[in-house]
Amino acid sequence: MGAKVVAIASRHKERAAAVAKEFAIETVCDDWQELVAHRDVDLVSIVTPPATHMEITLAALEHRKAVLCEKPMAMNAEQSAVMVQKANAAGVLALIDHELRFLNSRRTMRAMLQSGAIGQVRHCNYLFRSDYRGVLDRAWDWWSDASMGGGTLGAIGSHVIDSFRWMLGTEVTSVLAMLSTHIKQRPDKSSGTARDVTTDDEAKLLFRFAGGGMNADATGAASLSVVESGKYENRLEVYGTTGALMVEESGQLWHSPVGSGVWRPCQLDQDHMAKGMRESSWSRGFTALSGAIVEALHSGKTSVRDAATFEDGHRVQLALDAARVSNEKGCWVPVT
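In the numbering used here, the protein residues as written are 1 to 336.
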């Protein structure tokens, strides 16, 4: 089963045209409304700044198009709640692009947790380290603008919260957050004039989870930065009463029984990656997710096993909102 990209839209039509030429896309638009109304479009993939997600999503749903929306889902939980309501009413496939769920390593980790491989979960830890925005003269863009939804908390924190929720099968009940902006100005693309950065480039997060099941007293922590040099890290660790599990950026899953003092590799099927994509956990995860979406569209399904739904996106948004309030007040904030 295959899929064909029939249209692409960008505010800068010349950019869209260049991509269209490379991938033989027939329709090029500088108005997203033209794309969502296109009769041959079955799925709208929204990869615009978060400030535009709700408007584009609602228009696509109005045209009864399936939607794959980038994270964070919206600017706040008020918006994401509306998106959930409209998606439910439309009765179409509506997903959030949390592609890391589709890595074999993470699926296996989740299955092992559910089977009790490390006993009761005590703690989850997430480390994300990148120098993606560490270069001082990198130009100011929407990622630097809080009003557009930029920043590390939304971009990476959303994946962390989704990972914890999905892995543990529970909800975040409260958050303590410290957000930092280390690079406070960036040069304007056109003039070179310094512009203020209003978004975070580092996030430190602590989580409490709903009790019950394997997570009776579980806690969580995350250290996220896009301005740190050194080895790129995208690592999830889960510690339990009888052992620990760890997934690395490479896709390797490790198991450490209590008292062993060592990490032992778990045998996994290799992830596949679409031709031409740059090697990364994101690329491998998206390859699997996109295949599942295409299969669902061909069969007329309105859900995809293991994929993040709009309701999942809304739950993540509630936790993101609480994290922002926590950063402002300097205290634990309940997720409500």
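Every residue, glycine too, gets a C-beta built ideally from N, C-alpha and C.
Would you mind reading off the limits of the alpha helix (DSSP H) that contains residue i?
{"i": "A203", "result": "Careful: A203 lies outside any alpha helix (DSSP H), inside the beta strand (DSSP E) at E202 to F209."}
{"i": "E14", "result": "K13 to F23"}
{"i": "G285", "result": "S281 to S299"}
{"i": "Q79", "result": "A77 to A90"}
{"i": "V36", "result": "W32 to A37"}
{"i": "I56", "result": "H53 to E62"}
{"i": "S105", "result": "N104 to Q114"}
Between residue i and residue j, is the Cβ-Cβ spacing less than 9 angstroms?
{"i": "A9", "j": "D31", "result": "yes"}
{"i": "Y126", "j": "L224", "result": "yes"}
{"i": "S163", "j": "R107", "result": "no"}
{"i": "Q79", "j": "N215", "result": "no"}
{"i": "V67", "j": "A74", "result": "no"}
{"i": "M54", "j": "M83", "result": "yes"}
{"i": "P265", "j": "W142", "result": "no"}
{"i": "V47", "j": "I25", "result": "no"}
{"i": "A292", "j": "A308", "result": "no"}
{"i": "D40", "j": "W166", "result": "no"}
{"i": "L93", "j": "L297", "result": "yes"}
{"i": "T170", "j": "G116", "result": "no"}
{"i": "M178", "j": "A51", "result": "no"}
{"i": "A221", "j": "C124", "result": "yes"}
Let me check one thing: in DSSP terms, what residues is residue i bridge-paired to?
{"i": "I161", "result": "Beta-bridge pairing links I161 to no other residue."}
{"i": "T309", "result": "L95"}
{"i": "W254", "result": "M246 and P265"}
{"i": "L176", "result": "L206"}
{"i": "H123", "result": "T219 and Y239"}
{"i": "D196", "result": "Q185"}
{"i": "N327", "result": "In the DSSP output, where bridge partners are listed per residue, N327 has none listed."}
{"i": "S225", "result": "R129 and E202"}
{"i": "V316", "result": "The partner list for V316 (beta bridge, DSSP) is empty, contrary to what the question assumes."}
{"i": "P334", "result": "S174"}
How many whole angstroms separate the CB atoms of residue i and residue j, which I take to be in contact at a CB cut-off of 8 angstroms?
{"i": "V262", "j": "T242", "result": "Contact doesn't hold; Cβ gap of about 15 angstroms is too wide."}
{"i": "L103", "j": "D269", "result": "The Cβ separation is near 11 angstroms, so there is no contact."}
{"i": "R338", "j": "E228", "result": "With the chain running from 1 to 336 in the structure shown, residue 338 is simply not present."}
{"i": "A218", "j": "L168", "result": "6 angstroms"}
Report buried or exposed for residue i, applying the criterion of at least 16 other Cβ atoms within 10 angstroms of its Cβ.
{"i": "D321", "result": "buried"}
{"i": "Y232", "result": "exposed"}
{"i": "T336", "result": "exposed"}
{"i": "V135", "result": "exposed"}
{"i": "R64", "result": "exposed"}
{"i": "M277", "result": "exposed"}
{"i": "D131", "result": "exposed"}
{"i": "P72", "result": "buried"}
{"i": "V19", "result": "exposed"}
{"i": "A90", "result": "buried"}
{"i": "S281", "result": "buried"}
{"i": "T152", "result": "buried"}
Let's see if you can read the secondary structure: which residues bound the beta strand (DSSP E) around residue i?
{"i": "T27", "result": "T27 to C29"}
{"i": "R153", "result": "Before going on, a small fix: residue 153 reads as Leu here, not Arg. Unbroken run through L153: none, as it is neither H nor E."}
{"i": "I8", "result": "A7 to A9"}
{"i": "I46", "result": "L43 to I46"}
{"i": "L68", "result": "A66 to C69"}
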